[in-house]
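J.: One rule links them: number in our numbering = place in the sequence shown (from 1) + 61.
Cβ coordinates follow ideal geometry from the N, Cα and C atoms, glycine included.
Owing to the predicted nature of the structure, the values given are computational and were not obtained by experimental measurement.
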Amino acid sequence: MPVHPLADPLAELDGQQAQFDWDAHDVMRLDERYRARHLPLLDEAPRPAPHPGELREAEYWPPIRSVVLPVDDAALRADAVFAAFLDELRDALGPQVWWPGLALRADRVHTTLAPELDPATTLPGAPLPPINLIVRGPWVGRHNTGRVYLPVQAADGTSVRRLEAVRALVGAERRPMLAGYLQLTGDLTGEPYAAMRRLVRHYQTRVRVPITPSELWLMDTMDDLVLRSRIVQRVPCGA
Numbered sequence: 062m063p064v065h066p067l068a069d070p071l072a073e074l075d076g077q078q079a080q081f082d083w084d085a086h087d088v089m090r091l092d093e094r095y096r097a098r099h100l101p102l103l104d105e106a107p108r109p110a111p112h113p114g115e116l117r118e119a120e121y122w123p124p125i126r127s128v129v130l131p132v133d134d135a136a137l138r139a140d141a142v143f144a145a146f147l148d149e150l151r152d153a154l155g156p157q158v159w160w161p162g163l164a165l166r167a168d169r170v171h172t173t174l175a176p177e178l179d180p181a182t183t184l185p186g187a188p189l190p191p192i193n194l195i196v197r198g199p200w201v202g203r204h205n206t207g208r209v210y211l212p213v214q215a216a217d218g219t220s221v222r223r224l225e226a227v228r229a230l231v232g233a234e235r236r237p238m239l240a241g242y243l244q245l246t247g248d249l250t251g252e253p254y255a256a257m258r259r260l261v262r263h264y265q266t267r268v269r270v271p272i273t274p275s276e277l278w279l280m281d282t283m284d285d286l287v288l289r290s291r292i293v294q295r296v297p298c299g300a
């Protein structure tokens with residue numbers, strides 16, 4: 062019987078052949094979407110709250126509304142295996158990763174449960190029961206190449222059903238959950254490419270960080286890194 066995408070996102074993504082093909086290349090070139098929608102955002106300039114005026118490059122209006130689950134960045138950093146991955150990546154790639162983004166996005170790391178909803182979408186305000194998740198190791202895709210994602214899976218069948226119930230409320234399709242975490246600043250070649258390939262292969266299945274979000278968020282964002290974003294609604298989890 063096939064495993065539900067929420068229960069094993071790595072298997073689902075492998076089945077879709079969605080992962081960057083490390084063996085077929087000796088260079089990782091940032092794709093056009095990443096160059097257009099991510100690279101212009103990689104700066105530390107202060108960003109005003111979302112509003113229709115003063116759009117910068119790679120920002121858009123109206124904002125995109127999605128249902129997301131926050132990922133506790135402190136829990137990730139406290140995990141010894143994940144911390145080792147970050148340390149080795151920093152040593153291997155240095156400024157080829159946008160490290161300031163970790164601090165800028167620490168309070169908004171999330172995995173998207175239901176993307177690109179009608180802008181009038183709202184959620185019932187009643188608290189949800191607990192949803193248990195496991196964050197997995199680094200993953201880079203064939204599309205949006207240049208962003209390092211962390212696949213996120215439901216920890217048990219009950220959590221799968223609870224997530225699917227939320228998706229059903231907003232009419233979202235079944236898909237694996239990914240948390241965008243790191244951004245590359247340029248193409249990778251030579252030793253940096255080999256190091257990135259090695260680290261992805263080593264840590265992808267070894268990282269297993271359990272988290273239980275305290276809230277579900279309805280979020281509006283003006284950019285793909287949620288640097289100009291706002292939480293429209295918070296639904297408590299864990300009741």
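Based on Cα-Cα distance, which residue from 293, 236, 196, 109 lies nearest to residue 140?
T.: Selected option, being the one with the closest Cα: 196.
J.: My output table needs one value for residue 121: the three-state DSSP class, helix, strand or coil.
T.: Note: residue 121 maps to coil in three-state DSSP.
J.: Leaving out the 5 sequence neighbours to the left and right, which residues in its chain are closer than 6 Å to residue 134 when beta-carbon positions are compared?
T.: For residue 134, where only same-chain residues beyond five positions count, the Cβ hits under 6 Å are 167, 170.
J.: In chain order, what are the residue ranges of uninterrupted beta strand (DSSP E) at least 3 long that sit wholly in the segment 221 to 292?
T.: If we require 3 residues or more, the beta strand (DSSP E) runs fully inside the segment 221 to 292 come out as 238 to 244, 269 to 272, 276 to 282.
J.: In angstroms, rounded to a whole number, what distance separates the CA positions of residue 265 and residue 73?
T.: Between residue 265 and residue 73, the C-alpha separation is close to 14 Å.
J.: To the nearest angstrom, how far is it from the Cα of residue 198 to the Cα of residue 165?
T.: Approximately 21 Å, taken between the alpha carbons.
J.: Identify whether residue 151 lies in helix, strand or coil by the three-state DSSP scheme.
T.: Residue state, collapsed to three classes: helix.
J.: Just the Cα atoms here: how many angstroms apart are residue 158 and residue 244?
T.: Straight-line Cα distance between these residues: approximately 6 Å.
J.: Suppose only complete runs of 4+ residues qualify. What are the alpha helix (DSSP H) ranges in the segment 124 to 197, listed by chain order?
T.: If we require 4 residues or more, the alpha helix (DSSP H) runs fully inside the segment 124 to 197 come out as 134 to 139, 141 to 154, 161 to 165.
J.: Apply the 10 Å Cβ neighbour rule to residue 275 and answer buried if 16 or more other Cβ atoms are within range, or exposed otherwise.
T.: Burial call: exposed.
J.: Below 8 Å CB to CB, which residues in the same chain sit around residue 79 once its five sequence neighbours on both sides are set aside?
T.: If we look at residue 79 and ignore the five residues flanking it on each side, its Cβ neighbours are 202, 203, 204.
J.: Taking the continuous beta strand (DSSP E) assigned at residue 211, which residues delimit it?
T.: First-last of the beta strand (DSSP E) with residue 211: 208 to 215.
J.: So, using beta-carbon positions, are residue 108 and residue 289 closer together than 8 Å?
T.: Against a cut-off of 8 Å, the Cβ pair of residue 289 and residue 108 comes out as a contact.
J.: Enumerate in chain order the residues of its own chain whose CB-to-CB distance from residue 118 is below 6 Å, with the five nearest sequence positions on each side excluded.
T.: These residues qualify, in order along the chain: 101.
J.: To the nearest angstrom, how far is it from the Cα of residue 182 to the Cα of residue 125?
T.: The alpha-carbon atoms of residue 182 and residue 125 are separated by roughly 11 Å.
J.: Name the two residues that bound the continuous alpha helix (DSSP H) containing residue 98.
T.: Element bounds for residue 98: 93 to 98.
J.: Apart from the five residues on each side of it in sequence, which residues of its chain come closer than 7 Å, Cβ to Cβ, to residue 269?
T.: Same-chain partners within the cutoff: 195, 197.
J.: How would you label residue 190, buried or exposed, when you count the other beta carbons within 10 angstroms and need 16 or more for buried?
T.: Its Cβ having fewer than 16 others within 10 Å, residue 190 is exposed.
J.: Spell out a yes or no on whether the segment 217 to 230 and the segment 77 to 94 are touching, meaning 3 or more CB-CB pairs, one atom from each, closer than 8 Å.
T.: No contact exists between the segment 217 to 230 and the segment 77 to 94.
J.: Where does residue 299 sit, in a helix, a strand or coil, going by DSSP?
T.: Correct three-state label for residue 299: coil.
J.: With burial defined as no fewer than 16 other Cβ atoms inside 10 Å of the residue's Cβ, what is the status of residue 235: buried or exposed?
T.: Residue 235 comes out exposed.
J.: Within its chain, find whatever has a CB closer than 8 Å to the CB of residue 262; leave out the 5 residues flanking it on each side and keep chain order.
T.: So the qualifying residues of the chain are 83.
J.: Would the beta-carbon of residue 253 fall within 8 Å of that of residue 180?
T.: No, the pair does not count as a contact, with Cβ atoms beyond the cut-off.
J.: Is the CB-CB distance between residue 92 and residue 206 below 8 Å?
T.: The answer is yes: Cβ separation under 8 Å.
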